[in-house]
Amino acid sequence: MSEVVNLTKELITRPSITTDDAGCQQLIAGRLQRAGFACEHLRFGEVDNLWATHGAGEPTLVLLGHTDVVPPGPREAWASDPFVPEIRDGVLYGRGAADMKGSVAAFVIALERFVASHSEHRGRVALLLTSDEEGDAVDGVRRVADLFRERGEKIDWCITGEPSSKAKLGDLLRVGRRGTLSATLTVHGIQGHVAYPEKARNPIHQAMPALAELAARRWDEGYETFPPTSLQISNINAGTGANNVIPGELRVLFNLRFNPNWRAAKLEQECEAVLRAHGLEYDVHWHRGGEPFHTPEGPLRAAAREVLAKFSGGVPEESTGGGTSDARFIAPLGAQCIEIGPVNASIHKVDEHVSVADLEVLPDLYLELIERLLVS
Ligand SMILES: [Zn+2]
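Under the working numbering, think of the first position of the sequence shown as -18, with each following residue one higher.
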């Protein structure tokens, strides 16, 4: 069995459900230290983060990943134990196989090979791992990025190993992500008898036109490869269950996925302007999940496109779709960010898996990309 498959299996065996790292980072730090990397364990709250670097000066290329996995769900639903890796018909099964212990293992192998054959490479090459990507992502890369900001740490390029491929390894290159902003809105009215509406104030009637306006709004026409910004109402609750009572309150949850035409603060202002224009008495709690980021054409994107074309046999689609990722915390440091990883069809599902053939190619793919960027 190849080195990358063995290491992926060793990582799957450690049941690192967010935020428990279960020893994954110790294992990796041990290997990288032996290869000559300086390793720093950054623990914030319950979360383990690992920062491993090799070399000095500029530029800095960071490989970014997570060692935590989502819970497997009921054991009976899986064909084999989610934490006992098993290969059947050329496919490796186990929780985290695709998201993203396979990529993490491939990063480690690529880094070991890279420094073994280019000990005098230019700049720095680094690995950043967290055990809180799948959860609240509070004490993970968000905190590490704060620390980097304090230290004046400069990052030029960042490659995230999230499973980005659609049908075939390397068919998609992620070059940005939308921002995400969530609101919990409470509209206050006055409870009363439906027969005496003049003595009550109906928060449902008051909120509906404002919500209709927000839902129907055309925020923008998109931004380069980004789709238009969208607001979706996900929950709406009001009422006592009785049909003769006007409720005193209405609660709404909504979320915006937005492109680089916007910043979260500006969207908050625009939404609240609509609420005020409709005369609502309200409280709103905003949660800024992350600002959008976009990597324009440049050396990183060009190198990635060429390497993917070579390994997948076709020009990759360049996309900004999907949810968000930890790159949202690294991009604001001024880094160009892209994401390249295995096929994502099974992630977070039962019987999560990765093709052994794809896994075996992945270290070579990352290695070639690192060489193009750091060997001149
Ligand atoms: Zn992931």
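Don't be surprised by glycine CBs; every beta carbon is placed ideally from N, CA and C.
Neighbourhood of residue i by C-beta distance below 6 Å, restricted to the same chain and skipping five residues each side
i    : result
L44  : F88, L108 and I140
V335 : L73, A78, A79, G83 and P323
E320 : T141, E143, S145 and R155
V265 : A164 and L166
H329 : V51
E115 : T(-1), D49 and V51
A290 : V296
Beta carbon of residue i nearer than 8 Å to that of residue j
i    : j    : result
P241 : H275 : yes
D152 : T0   : no
S211 : R238 : yes
C5   : T48  : yes
L13  : L92  : yes
P55  : R76  : no
D332 : A60  : yes
V125 : L23  : yes
For residue i, three-class secondary structure by DSSP
i      : result
L237   : strand
I9     : helix
L355   : helix
L261   : coil
R244   : coil
F64    : coil
S306   : coil
S215   : strand
E101   : coil
T(-11) : helix
V324   : strand
H186   : helix
D29    : strand
E230   : strand
S112   : coil
Y347   : helix
E364   : An answer regarding residue 364 cannot be provided, because it is not within the stretch -18 to 357 covered by the chain.
E341   : helix
E179   : helix
V156   : coil
F274   : strand
L358   : Within the shown structure, residues of the chain are numbered from -18 to 357, placing residue 358 beyond reach of any answer.
Contacting residues, own chain, Cβ-Cβ under 8 Å from residue i (five flanking each side not counted)
i    : result
P40  : R103, G104, R105, D137, W138, L354 and L355
S215 : L234, F235 and N236
N225 : H174, V175 and A176
V342 : L150 and F292
L8   : E(-9), L(-8) and R(-5)
Nonlocal neighbours in the same chain, by C-beta distance under 7 Å from residue i, ignoring five residues either side
i    : result
G270 : T161, L162, S163 and T305
D201 : P209, T210, N240 and N242
A285 : L154, I319, I321 and L350
R123 : F310
Proximity test, Cβ basis, 8 Å: residue i and chain B
i   : result
R94 : This model lacks chain B altogether, as it is built from one protein chain only.
Beta bridge counterpart(s) of residue i as assigned by DSSP
i    : result
A164 : F235 and W267
W138 : L42 and Q317
H329 : Bridge partners of H329: none, in fact.
- Report all residues for which the CB-ligand distance to some heavy atom of ligand 1 is below 6 Å; order them along the chain. In chain order, the hits are H47, D80, M81, E114 and E143.
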